[in-house]
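Q: Respectively, the protein sequence lines represent chains A and B. Quick note: the first sequence uses the working numbering, first residue 823, plus one each step. Quick note: the second sequence uses the working numbering, first residue 1116, plus one each step. Even for Gly, the Cβ is constructed at its ideal location relative to N, Cα and C. Okay, here's the structure, questions in a sec.
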Amino acid sequence: MSVELPSPWSSDLAARLDSGESVVASLPLDLDARLHFAAGLLLLTERRLIAVDASGGWQDWPLRAGLRLNHGDHAGVALLALEDGQQRLAHWRFTLAQNLAALRLLGEFERRIEALASGERLQPVEEAVCATCKTPLPPGEDECPLCARTVNEAPSTWTLLRLWRFARPYRWQLFSGFALMVGATAATLVSPYLTMPLMDEVLIPFQNGQQIEPHLVAMYLGGLLGAALVSWLLGWAKTYILALVSERIAADLRTTTYEHLLGLSLEYFGGKRTGDLIARIGSESDRISVFLSLHALDFITDVLMIVMTSVILFSINPWLALATLLPLPLIAWLIHLVRDRLRTGFEKIDRVWAEVTNVLADTIPGIRVVKAFAQESREAGRFRTANRHNLAINDKLNRTWSLFSPTVSLLTEIGLLVVWAFGIWLVAHESITVGVLTAFLAYIGRFYTRLDSMSRIVSVTQKAAAGAKRIFDILDHVSSVPEPVNPQPLPRVQGAISLREIGFRYGNRSVIRGLSLDIRPGEMIGLVGHSGSGKSTLVNLICRFYDVSEGSISIDGVDIRSVALADFRRHIGLVLQEPFLFFGTVAENIAYGKPEATREEIVAAARAAHAHEFILPLPLGYDSIVGERGQGLSGGERQRISIARALLIDPRILIMDEATSAVDTETEKEIQRALDNLVQGRTTIAIAHRLSTLRKADRLVVMDRGQIVEVGNHDELMAAEGAYWRLYQAQLRNAEQTLLEGGE
Amino acid sequence: MMGQVDFAFEHNAFGQLVLIDANGGRHDNVLPVRAHPVSAPDEGVSIVDQDGHELLWIPSLNELPDGMRDLLAAALAAREFMPEIMRLVSVSSFATPSTWQVETSRGTTRFVLKGEEDIRRLPGGILLVADAHGIQFMVRDVRALDRHSRRLLDRFL
Chain A
823 MSVELPSPWS SDLAARLDSG ESVVASLPLD LDARLHFAAG LLLLTERRLI AVDASGGWQD
883 WPLRAGLRLN HGDHAGVALL ALEDGQQRLA HWRFTLAQNL AALRLLGEFE RRIEALASGE
943 RLQPVEEAVC ATCKTPLPPG EDECPLCART VNEAPSTWTL LRLWRFARPY RWQLFSGFAL
1003 MVGATAATLV SPYLTMPLMD EVLIPFQNGQ QIEPHLVAMY LGGLLGAALV SWLLGWAKTY
1063 ILALVSERIA ADLRTTTYEH LLGLSLEYFG GKRTGDLIAR IGSESDRISV FLSLHALDFI
1123 TDVLMIVMTS VILFSINPWL ALATLLPLPL IAWLIHLVRD RLRTGFEKID RVWAEVTNVL
1183 ADTIPGIRVV KAFAQESREA GRFRTANRHN LAINDKLNRT WSLFSPTVSL LTEIGLLVVW
1243 AFGIWLVAHE SITVGVLTAF LAYIGRFYTR LDSMSRIVSV TQKAAAGAKR IFDILDHVSS
1303 VPEPVNPQPL PRVQGAISLR EIGFRYGNRS VIRGLSLDIR PGEMIGLVGH SGSGKSTLVN
1363 LICRFYDVSE GSISIDGVDI RSVALADFRR HIGLVLQEPF LFFGTVAENI AYGKPEATRE
1423 EIVAAARAAH AHEFILPLPL GYDSIVGERG QGLSGGERQR ISIARALLID PRILIMDEAT
1483 SAVDTETEKE IQRALDNLVQ GRTTIAIAHR LSTLRKADRL VVMDRGQIVE VGNHDELMAA
1543 EGAYWRLYQA QLRNAEQTLL EGGE
Chain B
1116 MMGQVDFAFE HNAFGQLVLI DANGGRHDNV LPVRAHPVSA PDEGVSIVDQ DGHELLWIPS
1176 LNELPDGMRD LLAAALAARE FMPEIMRLVS VSSFATPSTW QVETSRGTTR FVLKGEEDIR
1236 RLPGGILLVA DAHGIQFMVR DVRALDRHSR RLLDRFL
């Protein structure tokens, strides 16, 4: 086995190693002893551990039995300490970026020390396993496909072009809309052209004393009317078709984004704020739709018009055309100049908007707390501050923005002035007729007004691009609970769950460490421990709401990461402490996990969950509407509906997270009876605060600070007088206390 | 002020901190933890044992005798890692994830910012920037940064 080394040391190293000695693992260190960023290196060879610091100092420790490497981390910094039985010999610190290398080195180190201690020959590693998740690696690879999925690249800046993915299905409509647009634009350019003969062949000869020919006038006026009608008809058709298409593109974008969002892990939702996500999917996609149907459309029309007009002008008189088009590059430059400033400004405004929405999204659901603590004025103040922030940023942007349009208008006027001056000079020298000058003025009158409106495209494009970026941010987010590429089918499940040295890290805090547990099919496990001991996290990992950072979880021997998520969760019934009822009828809520359930099935599930008898007296029975938090139902009633929901899908694995802790003892008994029906014959993992509710558990697992400290049934654990016994005694005392106080 | 205290600290052979309490009891491998690491680092330091139970509460580091204060400060420094960003040299893109090249109070480094929401505002105009591995970088005062850094940072705020 050979290991690649960072270059500054590799030549030096060759000289230092004995013959026949080679590096088996290396850990690049990125911090020095004072916790400053500095490169160092820790090497493991067959014989010793070598440390190289940033200044090139070498130190080594021959491997011998009794040596130990302690690994720990705190606040993103990991510590590796070399100790023998009596003292610490050395220690190194590095950021968690190097943790994978550290775990590899640690594993290799322990394997060798173990061999030295037992005096046996070093056992070859039977199969290569990933240092992080302990799953076997595909042969010939040392990067784990499950762990190597961190994305560090930002999406490209040409965000709007990426909308093509959504426009593609409508490309034929888009093409016909574009063709109509060319026709409509060409038609609008006919009328200024006709002013030329009207002036030169009708009006000027009349002033010079000739008669007006009615036939000629009628022909030209007819041409004007015809052009107007054609341009009206084509314009209508093009606008209609393209508006239809852009609405559809936006709708597809919205749906796709929402679907993608639903597929993301709980971790993503934990880090985002509801208001921000709602704003992204709602208003941003709408903004893109308006941009496509209105602004982008106008812009393309304008560009077409400018190109066509330029061609016409040059064909009439190249010199005058040149003078007319001269201000164009100047304006283009001005637009470019302001573009950057406006774009950052609009991105900022978006974020501030999200902030304003967030204040609302934070406060309205928590309105009871706000009112109870009489903090209305403080919340109003918070909103006012967010709004003021919004105003300040808008004001700053508007300063630039307001200067922009008048400047473009001014340039327009100056451009017209140039055409007038040059045109009069040309007429005076008899190079062009009055009719040509009139036609030019008519053309550029339109021309420059379009430039003015075109300048607006800068801001709307930036707004739409900013919106698109925020939407693609969601779309580009790879779920941290990814669907496997080749999912393994999981048609029937026995319910055996096996946790293999799992670890989980939330941010830089390690919540679960080196936990292993095997659960037999049909077994009921009670999870016990102080709050914060990692019980709920463990359950979330088993449900695969999060993926383990280390180790693996398998069900009937299949790693849950290799099964399609929906396929896996179909086998899991979940009853939570705070049951969530969706807006809809009671029946719909019960059938949430199995919408095709028959009425008989729903009623049977409700009966088994002891919910039937309180549902019947409701005004509309099973058709009663319950709100998002189940208004009108008590906590116990909501809980029994959620139990019925879990019963209906008939899962092999059942998870109950503090299912009875939010209700009083009477209701608890009622729920407990419902739960007993649910538990029968299923693998059950129950978390409960009140230990008495776990009496039926086959095994109790006591957790403390992310690790299992005790396993056994109630009697065994009581006899052991350990952590469980202490918890039990404490609850007993509490209960007695309550009884005594109640009796007085 | 240098008050009298009835406890003492020392290091054992494993480099761990040992607390000797008022009754002469020894507690191996204790950890000093700041209660307000950002807003008031020198006020409220708790000494906790391996299980995280508090053994001693020190209201203010400044009230300790000099030697003890230095010992605790060294123990705290060995665990604390919140590099202060002095300058943003460059960012790979204004869209996230973005790689930042920065000069910090602990030397130059680069890190990956996963999303804009990893930049958090604390009261007092302090910014905390968490990188992809959970390391917290701090910007104590945005206005104190140079123009270039401010302009880069501004695009993410």
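The alpha helix (DSSP H) that contains A/E930, what's its start and end?
A: Position 108 of the first sequence holds residue 930 of chain A. Residues N921 to S940.
Q: May I ask which residues mark the beginning and end of the beta strand (DSSP E) holding A/I1334?
A: Taking the first sequence and counting its residues from 1, the one referred to as residue 1334 of chain A is at position 512. Residues R1331 to I1341.
Q: So that I know if they touch, is there some Cβ in chain B lying closer than 7 Å to that of A/N974?
A: Along the first sequence, read from residue 1 onward, the residue named residue 974 of chain A stands at position 152. Since pLDDT at A/N974 reaches only 47, below the 50 mark, its modelled position is unreliable, and the value read off the structure follows with that caveat. Chain B contact via Cβ: present.
Q: With a cut-off of 7 Å, does the C-beta of A/C969 fall near any C-beta of chain B?
A: Here residue 969 of chain A is taken as the residue at index 147 of the first sequence, counted from 1. Any reading at A/C969 is ruled out, since the residue's pLDDT is 49, under 50, leaving its predicted position unreliable.
Q: Would B/I1173 count as contacting chain A if we go by Cβ distances under 7 Å?
A: Here residue 1173 of chain B refers to the residue found at position 58 of the second sequence. False, the Cβ-Cβ gap to chain A never drops below 7 Å.
Q: Give the straight-line distance between the Cα atoms of A/L1020 and A/N1139, rounded to the nearest whole angstrom.
A: By one-based count along the first sequence, residue 1020 of chain A stands at place 198. By one-based count along the first sequence, residue 1139 of chain A stands at place 317. Answer to the nearest angstrom: the Cα atoms are 18 Å apart.
Q: By Cβ distance, which residues of its chain are closer than 8 Å to A/E975, with the 5 residues on each side in sequence left out?
A: Sequence index remark: in the first sequence, residue 975 of chain A carries index 153 (1-based). Unreliable positioning characterises A/E975 in this predicted model, as indicated by a pLDDT of 48, which lies under 50. A coordinate reading is not provided.
Q: Looking at the structure shown, is A/E843 part of a helix, part of a strand, or coil, going by DSSP?
A: For this step, residue 843 of chain A is matched to residue 21 along the first sequence. If DSSP states are grouped into helix, strand and coil, A/E843 belongs with coil.
Q: Counting C-beta neighbours from all protein chains within 10 Å, is the total for B/R1258 16 or more, i.e. buried, or is it exposed?
A: Numbered from 1 along the second sequence, position 143 holds the residue referred to as residue 1258 of chain B. So B/R1258 ends up on the exposed side.
Q: Taking DSSP as the reference, what is the three-state secondary structure of A/R886?
A: Looking up residue 886 of chain A in the first sequence gives position 64. Correct three-state label for A/R886: coil.
Q: Looking at the secondary structure, which residues open and close the alpha helix (DSSP H) in which A/G1325 lies?
A: For this step, residue 1325 of chain A is matched to residue 503 along the first sequence. Unbroken run through A/G1325 is the beta strand (DSSP E), I1319 to Y1328; no alpha helix (DSSP H).
Q: Using DSSP bridges, identify the partner residues of B/I1200.
A: Position 85 of the second sequence, counted from the first residue, corresponds to residue 1200 of chain B. In the DSSP output, where bridge partners are listed per residue, B/I1200 has B/T1219.
Q: Name the DSSP beta bridge partners of B/V1244, please?
A: For the purposes of this step, residue 1244 of chain B is taken as the residue at position 129 of the second sequence. In the DSSP output, where bridge partners are listed per residue, B/V1244 has B/I1234 and B/F1252.
Q: Indicate whether A/L849 and A/L927 have their beta-carbon atoms separated by less than 7 Å.
A: Along the first sequence, one-based indexing puts residue 849 of chain A at 27. Along the first sequence, one-based indexing puts residue 927 of chain A at 105. Yes, they are a contact pair.
Q: Given A/P1286, which residues of its chain have a CB within under 7 Å of its CB, disregarding the five upstream and five downstream residues?
A: Taking the first sequence and counting its residues from 1, one reaches residue 1286 of chain A at position 464. Looking at the sequence shown, residue 1286 of chain A is not Pro but Ala. Excluding residues within five positions, the ones whose Cβ falls inside 7 Å are L982, R1109, I1110 and F1113.
Q: Closest Cβ-Cβ distance between B/A1128 and chain A: below 7 Å?
A: Here residue 1128 of chain B corresponds to residue number 13 of the second sequence, with the count starting at 1. So, interface residue.
Q: Closer than 8 Å between beta carbons: that is the criterion. Which residues of the segment 881 to 900 of chain A meet it against chain B?
A: The segment 881 to 900 of chain A vs chain B, Cβ under 8 Å: H896, A897, G898 and V899.
Q: Going by DSSP, which residues form a beta bridge with A/E905?
A: Here residue 905 of chain A refers to the residue found at position 83 of the first sequence. Note: A/E905 sits in a beta bridge opposite A/R890 and A/R910.
Q: Given a limit of 8 Å on CB to CB distance, which residues of the segment 1205 to 1234 of chain A reach chain B?
A: Result list empty, no residue passes.
Q: Reducing DSSP to helix, strand and coil, say where B/D1143 ends up.
A: Within the second sequence, the letter at position 28 stands for residue 1143 of chain B. DSSP places B/D1143 in strand when its eight states are reduced to three.
Q: Restricting to runs no shorter than 4 residues, where is the alpha helix (DSSP H) found entirely within the segment 1021 to 1048 of chain A?
A: Runs found: 1026 to 1029.
Q: Over the uninterrupted alpha helix (DSSP H) stretch that includes A/G1237, give me the two end residues.
A: Numbered from its first residue, the first sequence carries residue 1237 of chain A at position 415. Taken as a continuous stretch (DSSP letters only), the alpha helix (DSSP H) holding A/G1237 covers E1198 to A1250.
Q: My guess is that A/V846 and A/L866 are in contact by the Cβ rule of under 8 Å, so how many angstroms apart are they, rounded?
A: Start at 1 with the first residue of the first sequence, and residue 846 of chain A comes out as number 24. Start at 1 with the first residue of the first sequence, and residue 866 of chain A comes out as number 44. The Cβ separation is near 5 Å, so the contact holds.
Q: Should A/D875 be flagged as near chain B, meaning a C-beta pair shorter than 7 Å?
A: Within the first sequence, residue 875 of chain A is the residue found at index 53, counting from 1. Taking Cβ atoms only, chain B never reaches closer than 7 Å to A/D875, which makes this a no.
Q: For B/I1250, decide whether its Cβ has a neighbour in chain A, counting only Cβ atoms nearer than 7 Å.
A: Translated into the one-based positions of the second sequence, residue 1250 of chain B becomes position 135. Cβ-Cβ to chain A under 7 Å: yes for B/I1250.
Q: Assuming A/Q1461 is part of the alpha helix (DSSP H), what are its boundary residues?
A: Numbered from 1 along the first sequence, position 639 holds the residue referred to as residue 1461 of chain A. Taken as a continuous stretch (DSSP letters only), the alpha helix (DSSP H) holding A/Q1461 covers G1457 to L1470.
Q: Let's test the definition: count the other Cβ atoms within 10 Å of the Cβ of A/N1411 and tell me whether it reaches 16, buried, or not, exposed.
A: Taking the first residue of the first sequence as position 1, residue 1411 of chain A is located at position 589. Buried is the call here.
Q: Bridge partners for A/P850 per DSSP, in chain order?
A: Taking the first sequence and counting its residues from 1, the one referred to as residue 850 of chain A is at position 28. Per DSSP, A/L863.
Q: Counting only Cβ pairs nearer than 7 Å, list the residues of chain A close to B/R1221.
A: What you label residue 1221 of chain B is simply residue 106 of the second sequence in a count that begins at 1. In chain order: L857, H858 and F859.
Q: Would you call the segment 1544 to 1556 of chain A and the segment 871 to 885 of chain A touching, i.e. three or more CB-CB distances under 8 Å?
A: Too few Cβ pairs lie closer than 8 Å, so no.
Q: By how many angstroms is the C-alpha of A/L857 removed from the C-alpha of B/G1222?
A: Against the second sequence, residue 1222 of chain B aligns to sequence position 107. Against the first sequence, residue 857 of chain A aligns to sequence position 35. Taking the straight line from one Cα to the other gives about 9 Å.
Q: Give a yes or no on whether 7 Å exceeds the smallest Cβ distance from A/D840 to chain B.
A: What you label residue 840 of chain A is simply residue 18 of the first sequence in a count that begins at 1. Not an interface residue.
Q: DSSP state of B/L1123, grouped into three classes?
A: The count along the second sequence starts at 1 and reaches residue 1123 of chain B at position 8. Residue identity check: residue 1123 of chain B is Ala in the sequence provided, not Leu. Correct three-state label for B/A1123: strand.
Q: Can you grab the Cα-Cα spacing for the pair B/W1215 / B/S1208, in whole Å?
A: Translated into positions along the second sequence, residue 1215 of chain B becomes position 100. Translated into positions along the second sequence, residue 1208 of chain B becomes position 93. Whole-angstrom Cα-Cα distance: 9 Å.
Q: Considering only the beta carbon of each residue, do B/F1196 and A/A897 sit closer than 7 Å?
A: Translated into the one-based positions of the second sequence, residue 1196 of chain B becomes position 81. Translated into the one-based positions of the first sequence, residue 897 of chain A becomes position 75. Against a cut-off of 7 Å, the Cβ pair of A/A897 and B/F1196 comes out as a contact.
Q: Expressed to the nearest angstrom, what Euclidean distance is found between the alpha-carbon atoms of A/V1448 and A/I1364?
A: Counted from its first residue, the first sequence places residue 1448 of chain A at position 626. Counted from its first residue, the first sequence places residue 1364 of chain A at position 542. Roughly 30 Å between the two C-alpha positions.
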